[in-house]
């Protein structure tokens, strides 16, 4: 058997809606009756599927029921036919030709609120009876015998099997009624609704998120409203309360794994993961890298075909291309690296052409520029070369002593305008609470140094990042000041300029260890 159907799309549609019995189904799938009877009735049901588990990204295990070759071919043929005849709501984006997680995320970009919820046990909630009932009702109206056989082909142990080619499209067909009801609820609350498989998302630009969709309990917990919950329960599903999230525009808003505060984007962790895979491939070779990667996932079942590491890497890079576009520097750099390792794979990405533009401008306070440049020079030769060649510029973003506040004001003004260049604003550890309200948007990013609790000599400012052993007595001097009663008192004053001169002479990498988180952030931004 093969998966190709000889009939035209129009012929397949006519045959489907004319189905009455098993003979018609065999004609539709272009198989003989003996094959259908053997697969459905002669073979033990358990031999039609291989069951194994894989790790979920969120933790725990996902059970996969992968159909045998003969059954999978029938399901692949049916999947093609269901794509032709299936009635699916426009808000559905999962596993539909021409749609993706990007099309699912785009409607929610630049919204004030984004509300995410998840259906619990999505595929297992759709049982044999629901699938058969689907084909017997509007708009398919198939007789009971035909609907029963289709349901038998598409279900296993009274549920939609995760791993069967037909399960995603059937779930979309089952959800039509619920999707339409939720679209109306969204319309009534001036919101927008989309669904990608079991991930449901509402968003709005209203100043207050509609309580008809969700509300805050006294404990601070976000709860789906009774009207929203009723629609989902009435349609045979249940909300996974542990995955409910209400995200404001001041936070990093996520929809189906994409950051959508501006336009859909790939998570930084996803890019870092690809870079790590490429690095492992380059350092240890393809076989070792593949072995290491597969060991992290549960690919132990012998009946399951293990994915090819090289194909996985290429697929991930293609995903970046889909989300960020072919012109994205991130995609181009990943494609170039892949081609260097694989020999080919992405056309037109063989040479890393030098660019004359500035890759990143870093704004910070006063003398911090010199501390950062020195740390980069000692610890990171690649970033140091980018500074030397003018690709990275470190700018003093303040003109007077109230540095952190002026830097914040500069950020607020500059980040409101769209800019193709990237900007990173860097604050000392004592400024963390002052900049929480700043939103990362329009290629503007913020970074605050973590406090170095091992340094009790200087608890504020960039000097706090250095080892306490550097703060020798010659850096302090006594200074007379007035006390509260008009008299004089002596205070020990730390000489920052003298300390900076001392730092300029340092060559020990250990001294600059606490600057490393900043360098990681710089690389993350350059990779975006």
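Numbering (my numbering), first residue to last: 1 to 528. Where a beta carbon is used, it is the ideal one built from N, C-alpha and C, also for glycine. Fair warning: this is a prediction, and the values are worked out from it, not measured in the lab.
Boundaries (first-last residue) of the alpha helix (DSSP H) holding residue i
i, result
"residue 309", "309-324"
"residue 332", "329-342"
"residue 295", "286-295"
"residue 34", "33-37"
"residue 446", "Per DSSP, residue 446 belongs to no alpha helix (DSSP H); it is in the beta strand (DSSP E), 444-448."
"residue 527", "516-527"
"residue 382", "381-388"
"residue 103", "101-105"
8 angstroms Cβ cutoff met for residue i and residue j
i, j, result
"residue 365", "residue 334", "no"
"residue 284", "residue 309", "no"
"residue 115", "residue 194", "no"
"residue 3", "residue 81", "no"
"residue 524", "residue 268", "yes"
"residue 460", "residue 495", "no"
"residue 286", "residue 105", "no"
"residue 49", "residue 210", "no"
"residue 471", "residue 493", "no"
"residue 139", "residue 87", "yes"
"residue 51", "residue 61", "no"
"residue 239", "residue 229", "yes"
"residue 243", "residue 118", "yes"
"residue 26", "residue 36", "yes"
"residue 530", "residue 24", "As displayed, the chain neither begins before 1 nor continues past 528, which places residue 530 out of reach and without an answer."
"residue 163", "residue 64", "yes"
"residue 476", "residue 511", "no"
"residue 462", "residue 449", "yes"
"residue 445", "residue 423", "yes"
Alpha-carbon to alpha-carbon, residue j and residue i
i, j, result
"residue 213", "residue 231", "11 angstroms"
"residue 508", "residue 385", "19 angstroms"
"residue 46", "residue 154", "14 angstroms"
"residue 298", "residue 18", "Any reading at residue 298 is ruled out, since the residue's pLDDT is 45, under 50, leaving its predicted position unreliable."
"residue 112", "residue 430", "29 angstroms"
"residue 288", "residue 312", "15 angstroms"
"residue 83", "residue 136", "18 angstroms"
"residue 521", "residue 277", "19 angstroms"
"residue 378", "residue 514", "13 angstroms"
"residue 246", "residue 110", "15 angstroms"
"residue 302", "residue 67", "Here residue 302 scores only 40 on pLDDT, less than 50, and its place in the model is too uncertain to base an answer on."
"residue 89", "residue 101", "16 angstroms"
"residue 526", "residue 121", "39 angstroms"
"residue 376", "residue 325", "31 angstroms"
"residue 226", "residue 192", "18 angstroms"
"residue 360", "residue 425", "11 angstroms"
"residue 261", "residue 320", "17 angstroms"
"residue 373", "residue 338", "31 angstroms"
"residue 362", "residue 340", "31 angstroms"
"residue 85", "residue 170", "11 angstroms"
"residue 159", "residue 167", "9 angstroms"
"residue 274", "residue 329", "14 angstroms"
"residue 443", "residue 256", "21 angstroms"
"residue 125", "residue 368", "58 angstroms"
"residue 413", "residue 165", "51 angstroms"
"residue 175", "residue 129", "15 angstroms"
Identity of the residues DSSP links to residue i by a beta bridge
i, result
"residue 118", "199"
"residue 477", "493"
"residue 405", "Beta-bridge pairing links residue 405 to no other residue."
"residue 50", "66"
"residue 370", "Residue 370 is not bridged to any residue."
"residue 194", "201"
"residue 503", "According to DSSP, residue 503 bridges with nothing at all."
"residue 159", "156"
"residue 530", "In this structure the chain extends from 1 to 528, so residue 530 is not present and cannot be described."
"residue 215", "223"
"residue 151", "Residue 151 is not bridged to any residue."
"residue 270", "Answer is none; residue 270 lacks a bridge partner."
"residue 255", "258"
"residue 265", "259"
"residue 239", "119"
"residue 375", "Answer is none; residue 375 lacks a bridge partner."
Element boundaries [beta strand (DSSP E), containing residue i]
i, result
"residue 67", "61-67"
"residue 181", "Here residue 181 belongs to no beta strand (DSSP E); instead the alpha helix (DSSP H) covers 176-188."
"residue 132", "First-last for residue 132: 128-136, but that is the alpha helix (DSSP H), not the beta strand (DSSP E)."
"residue 247", "245-248"
"residue 361", "360-364"
"residue 21", "Element bounds for residue 21: n/a, residue is neither H nor E."
"residue 223", "222-224"
"residue 426", "423-427"
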